[in-house]
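K.L.:
Each number in this note's numbering corresponds to the 1-based position in the sequence shown with 49 added.
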Amino acid sequence: MNPYRKDFPIFDGNDVVYFDNAATTQRPRQVMEAMRAFNDTCNANPLRGLYQWSVEATEAYENARHTVAEFIGARWDCEIIFTRNTTESLNLVAYSYAMSRLEAGDEIVISILEHHSNILPWQMAARARGARLVYMECLPDGTLTEEEIRSKITDRAKIVAIGQVSNVMGVTNPVRLIADIAHEKGAVVVVDGAQSTPHMPVNVQDLGADFFAFSGHKLMGPMGIGVLYGRRDLLEEMPPFLTGGEMIEYVTRESATYAELPAKFEAGTVNAMGAVGLEAAIRYLQGVGFETVMKTEEALTARLIGGMRKIPHVTVYGQEDPARHCGIVTFNIEGCHPHDVSSVLDTERVDIRAGHHCAQPLMKWMGVGSTARASLYFYNTEEEVDRFLDVVSRVRGWLGYGD
Ligand code: C6P
Numbered sequence: 050m051n052p053y054r055k056d057f058p059i060f061d062g063n064d065v066v067y068f069d070n071a072a073t074t075q076r077p078r079q080v081m082e083a084m085r086a087f088n089d090t091c092n093a094n095p096l097r098g099l100y101q102w103s104v105e106a107t108e109a110y111e112n113a114r115h116t117v118a119e120f121i122g123a124r125w126d127c128e129i130i131f132t133r134n135t136t137e138s139l140n141l142v143a144y145s146y147a148m149s150r151l152e153a154g155d156e157i158v159i160s161i162l163e164h165h166s167n168i169l170p171w172q173m174a175a176r177a178r179g180a181r182l183v184y185m186e187c188l189p190d191g192t193l194t195e196e197e198i199r200s201k202i203t204d205r206a207k208i209v210a211i212g213q214v215s216n217v218m219g220v221t222n223p224v225r226l227i228a229d230i231a232h233e234k235g236a237v238v239v240v241d242g243a244q245s246t247p248h249m250p251v252n253v254q255d256l257g258a259d260f261f262a263f264s265g266h267k268l269m270g271p272m273g274i275g276v277l278y279g280r281r282d283l284l285e286e287m288p289p290f291l292t293g294g295e296m297i298e299y300v301t302r303e304s305a306t307y308a309e310l311p312a313k314f315e316a317g318t319v320n321a322m323g324a325v326g327l328e329a330a331i332r333y334l335q336g337v338g339f340e341t342v343m344k345t346e347e348a349l350t351a352r353l354i355g356g357m358r359k360i361p362h363v364t365v366y367g368q369e370d371p372a373r374h375c376g377i378v379t380f381n382i383e384g385c386h387p388h389d390v391s392s393v394l395d396t397e398r399v400d401i402r403a404g405h406h407c408a409q410p411l412m413k414w415m416g417v418g419s420t421a422r423a424s425l426y427f428y429n430t431e432e433e434v435d436r437f438l439d440v441v442s443r444v445r446g447w448l449g450y451g452d
C-alpha cells in the first residue's frame, strides 16, 4: 500500500480512482491543519495592523514567501509575488512587463504546446503593442528540437514564454536551452511551471528563468494561491499590475508612489491563509522527496502506458518513454468521444479529464477535437492503475462496439 495515502482524508472510506491530478491535486491533512492553525490563532489582516494577531499573520505570510523562495531557488524573498494562480501570474507579466516594453515589430515566442493561460495574455499584449506572436512547432511526440527553437527565436524576440511541462503531452521542454538562446538574442524568458513544480525539483536560476509561474492547488496546496517569481531587477522596473490598498508608498489626490517589492504587486488584502497552506504543501512535498515522487510516478506511468498499449483501438499521445510523461497520459479510444469515455469511467468512479485541456491550438495541431487524459501523482497506486486499465478495456463494449 502507498504509505502516503493515509495522509489524504478524501481517500478514506471510498474507492475512487482519482487520475485528474494535472487539473488539481488532493490535499493532505497537514495542509488543512496549517491553515486551521492560522485561522484559529492569528487570523487578522496582515501587513496593516500594529496589534499582535496582525503581526503574527504578517509573519506567517512572509515565512511562506521565504519557503517558496527557497523551494524554487530564488535569490531574494521579494522576488516571490503571491497571486491567485498560474494564470494570474502570467497575466501579471503580460500586463506589466510586456505592455510597458514591447514595440511594434517585436516578437513574443511561445510553443504550440502551451496552455491557454500561456497563450491568451501574449495574444492580448501582441495585439495591443503591434507585436507578433511566433509559435515553435513540435514533433509528433511533443518534442521541441534545437533547430526549431533556434529558427524561431531571432533578434526580434523580446519575450520567450514556455511551459516547462505540457499538460497534454507530459513532455518536459528543454527550458535551459531555450533560455540560453533567448538570452543570446536579448529576450526575457517566462516559464509556465504549473505542471512541473509538483513533480520535479525546480531551480529558477539553473533554468535561466526570468519569470516563473505556478499554482498552489496543483501541488497539494489550496486553490486561490499562486506564485510569480520574477528577477528582482526586472520587477523593480515594472509598473504595477493591479492598484489599490497596500501597494503604495504615498498617495495624493492626483497621484501615488508605489511600495517596494513585493508589495507593489500585491494590491488589496492578501491570501495569507492560502500562502500558509501552500507553505505546508511544500513542506509535505519536501518530506516525501522528489526522488520518491519521480520514481513512483515513473513506475505507475510505465504500468499504465504498458497496459494501454495492449488494449485495441487505444492511441496514447506523447513520447514512447513513460519516464518522459510526468505522470500525464493523454489518449483516445477509436470511435468514442472523450466525454463518453470519461462518463463511462465515472460510472466506475474512475476520475479522468476529457476535453481540449485548455490547449485548443495543440488539439488542432494534433488533428483532434479533444482527448481523454489520465494524470497521476505519487499517492496513486498500482491497484488503481489496474482498475483504470480494466475499465478502459471495456469502454468500447459499453458504447455498443462488438470488439
Ligand atoms: N491546467 C489542466 O487540467 P491555473 O488554472 O491558473 O491554476 O493553471 C493554469 C495552467 C497553466 N499552465 C498549464 C501548463 C496548466 O496545465 C494549467 C492548468 C489544468 O490541465 C486546468 S485547465
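Even glycine gets a Cβ: it sits at the ideal position worked out from N, Cα and C.
Kindly confirm or deny that the region 426 to 433 and the region 182 to 198 touch, where touching means at least three C-beta pairs closer than 8 Å.
P.N.:
The region 426 to 433, when compared against the region 182 to 198, does not touch it at the 8 Å Cβ threshold.
K.L.:
Which same chain residues, not among the five before or five after H405, have their C-beta less than 6 Å away from its C-beta?
P.N.:
On the sequence shown, residue 405 is found 356 positions in, with the first residue counted as 1. Excluding sequence neighbours, H405 sits near M412, S419.
K.L.:
When DSSP labels each residue in this structure, what does N167 get in the three-state scheme?
P.N.:
On the sequence shown, position 118 is the one that residue 167 refers to. If DSSP states are grouped into helix, strand and coil, N167 belongs with the helices.
K.L.:
Label V65 either buried or exposed according to how many other C-beta atoms from any shown protein chain fall within 10 Å of its C-beta, with 16 as the threshold for buried.
P.N.:
On the sequence shown, position 16 is the one that residue 65 refers to. V65 is exposed by the Cβ-count criterion.
K.L.:
Taking C-alpha atoms, which residue in N167, A174, L141, L139 lies nearest to E156?
P.N.:
As a working mapping, residue 156 is identified with position 107 in the sequence shown. Nearest C-alpha to E156: A174.
K.L.:
Going by DSSP, name the residue or residues bridged to L277.
P.N.:
Start at 1 with the first residue of the sequence shown, and residue 277 comes out as number 228. In the DSSP output, where bridge partners are listed per residue, L277 has I130, A262.
K.L.:
Flag this pair as yes or no: are the beta carbons of I129 and Y278 separated by less than 8 Å?
P.N.:
Start at 1 with the first residue of the sequence shown, and residue 129 comes out as number 80. Start at 1 with the first residue of the sequence shown, and residue 278 comes out as number 229. Yes. Within cutoff.
K.L.:
Could you name the residues of the same chain whose beta carbon sits closer than 7 Å to that of E285, not counting the 5 residues immediately before and after it, in chain order?
P.N.:
For this step, residue 285 is matched to residue 236 along the sequence shown. These residues qualify, in order along the chain: L310.
K.L.:
Quick one: residues in its chain with C-beta nearer than 6 Å to the C-beta of A258, no 5 flanking neighbours on either side, listed in chain order?
P.N.:
Position 209 of the sequence shown, counted from the first residue, corresponds to residue 258. Hits under 6 Å: V238, V240.
K.L.:
Does K207 come out as helix, strand or coil in the three-state DSSP assignment?
P.N.:
Here the question's residue 207 lines up with position 158 in the sequence shown. Three-state result, K207: strand.
K.L.:
DSSP three-state label for F60, please.
P.N.:
In the sequence shown, counting from the first residue as 1, residue 60 sits at position 11. Looking at F60 - three-state DSSP - the assignment turns out to be helix.
K.L.:
Have a look at G98 and E315 and give me their C-alpha separation to the nearest angstrom.
P.N.:
Your numbering for residue 98 matches position 49 in the sequence shown. Your numbering for residue 315 matches position 266 in the sequence shown. So the alpha carbons of these two residues sit roughly 17 Å apart.
K.L.:
If contact is defined by three or more beta carbon pairs under 8 Å, each pair taking one atom from either stretch, is the region 440 to 452 in contact with the region 394 to 405?
P.N.:
The answer is yes - the region 440 to 452 touches the region 394 to 405, with three or more Cβ pairs under 8 Å.
K.L.:
The beta strand (DSSP E) that contains T379, what's its start and end?
P.N.:
Here residue 379 is taken as the residue at index 330 of the sequence shown, counted from 1. Segment 377 to 382, the beta strand (DSSP E) holding T379.
K.L.:
Tell whether a beta-carbon distance below 8 Å holds between L349 and L268.
P.N.:
For the purposes of this step, residue 349 is identified with residue 300 of the sequence shown, where counting begins at 1. For the purposes of this step, residue 268 is identified with residue 219 of the sequence shown, where counting begins at 1. It is not a contact, given that the beta carbons lie outside the stated cut-off.
K.L.:
Taking its Cβ as the centre, do 16 or more other Cβ atoms sit within 10 Å of Q213, making it buried, or is it exposed?
P.N.:
Walking along the sequence shown from the start, residue 213 turns up at place 164. Buried: at least 16 other Cβ atoms inside 10 Å.
K.L.:
Please give the ranges of any alpha helix (DSSP H) in the region 173 to 251, keeping only runs that are unbroken, at least 4 residues long and fully inside the region.
P.N.:
Qualifying alpha helix (DSSP H) stretches, in chain order: 195 to 201, 224 to 233.
K.L.:
Do I377 and T116 come within 8 Å of each other at the CB atom, strictly closer than that value?
P.N.:
Counted from its first residue, the sequence shown places residue 116 at position 67. Counted from its first residue, the sequence shown places residue 377 at position 328. Not a contact, by the Cβ cut-off of 8 Å.
K.L.:
Which runs of the beta strand (DSSP E), 3 residues or longer, sit entirely within the region 356 to 425?
P.N.:
Correct list: 363 to 365, 377 to 382, 402 to 404, 420 to 424.
K.L.:
Kindly list the residues whose CB is nearer than 8 Å to the CB of K359, restricted to its own chain and excluding five residues on each side of it in sequence; keep chain order.
P.N.:
Within the sequence shown, numbered from 1, the residue matching residue 359 stands at position 310. No residues qualify anywhere along the chain.
K.L.:
Rank V253, C385, F380 by C-alpha distance to the C-alpha of E119 and give the top, closest one.
P.N.:
Counting from 1 along the sequence shown, the entry for residue 119 is found at position 70. Closest by alpha carbon: V253.
K.L.:
May I have the straight-line CA-CA distance separating T194 from A106, to the nearest angstrom?
P.N.:
Here residue 194 refers to the residue found at position 145 when the sequence shown is read from its first residue. Here residue 106 refers to the residue found at position 57 when the sequence shown is read from its first residue. Distance between the alpha carbons of T194 and A106 is about 47 Å.
K.L.:
Following the continuous alpha helix (DSSP H) through T318, name the residue where it begins and the one where it ends.
P.N.:
Here residue 318 refers to the residue found at position 269 when the sequence shown is read from its first residue. No alpha helix (DSSP H) holds T318; DSSP gives it neither H nor E.
K.L.:
Identify every residue that forms a DSSP beta bridge with D69.
P.N.:
Position 20 of the sequence shown, counting from 1, holds the residue named residue 69. Beta-bridge pairing links D69 to S424.
K.L.:
Taking all protein chains shown into account, do 16 or more other C-beta atoms lie within 10 angstroms of the C-beta of T306, making it buried, or fewer, making it exposed?
P.N.:
The residue labelled residue 306 in the question sits at position 257 within the sequence shown. T306 should be labelled exposed.
K.L.:
At a cut-off of 7 Å, would you count S160 as near the ligand C6P, judging by its Cβ distance to the nearest heavy atom?
P.N.:
Stepping through the sequence shown from its first residue, residue 160 is reached at position 111. No, since every heavy atom of the ligand C6P falls outside the 7 Å radius drawn around the Cβ of S160.
K.L.:
Expressed to the nearest angstrom, what Euclidean distance is found between the alpha-carbon atoms of C127 and A113?
P.N.:
Reading the sequence shown from its first residue, position 78 is the one you call residue 127. Reading the sequence shown from its first residue, position 64 is the one you call residue 113. Cα to Cα, C127 sits roughly 12 Å from A113.
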